Amino acid sequence: MNCSSRLLCLLYLATSAGLAWVTVLEIRYGPVWAACLFAAASLVPVIAVVRETVIGEQDQLLRESAAPAGRIGDAAEAIVRAELDAACCERWWTSLGSEHDLTCRHRMPDRSSAA
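Residue numbers (this note's numbering): 9 to 123.
Written as structure tokens, this is what we have:
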């Protein structure tokens, strides 16, 4: 994680703590529906922190895999190429997953309704 990500996570956690404090105050002095609303809102920054850490880990892995090659673009291209190679046939992509090429390994044989 870089410095800006850490700062952003710190702001997210401070926001979550502030919303949790408001939740406690609403439970003690306010309506229950408002306390529930603030409790739910205090979880959103926590989700954002998790998202930031996942993005940071993915970025770190991408940088580590590109370090021997020296170029991040090559590593990203290799990841995309591997995903596309593991995918199905071209007809499956263009038909939104409804049909397969005749040579596709995922093609199901036609089922006849004749008994």
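Heads up, the beta-carbon is just placed ideally off N, CA and C, and yes, glycines get one too. All of these numbers come straight from a predicted model, not from anything done at the bench.
First and last residue of the uninterrupted alpha helix (DSSP H) at residue i
i, result
"residue 26", "11–37"
Contacts around residue i, its chain only, beta-carbon distance under 6 angstroms, and the 5 residues preceding and following it disregarded
i, result
"residue 9", "64"
"residue 46", "27, 30, 31 and 34"
Closest Cα partner of residue i within the set the options
i, options, result
"residue 44", "29, 20 and 19", "29"
"residue 124", "89, 17 and 110", "Nothing about residue 124 can be reported from this structure: the residues present for the chain run from 9 to 123 only."
"residue 60", "109, 111, 13 and 112", "13"
"residue 111", "102, 97 and 103", "97"
"residue 66", "87, 47 and 48", "87"
"residue 54", "36, 20, 68 and 62", "20"
"residue 56", "36, 90, 68 and 15", "15"
Contact set for residue i: own chain, Cβ-Cβ below 8 angstroms, skip 5 residues either direction
i, result
"residue 72", "none"
Sequence-distant residues of its chain with Cβ nearer than 7 angstroms to residue i (five each side left out)
i, result
"residue 106", "none"
"residue 50", "24, 27, 28 and 31"
Subject >> the region 33–40 contacting the region 12–24, beta-carbon criterion three pairs below 8 angstroms >> reply: In short, these stretches do not touch, since the Cβ pair count stays below three.
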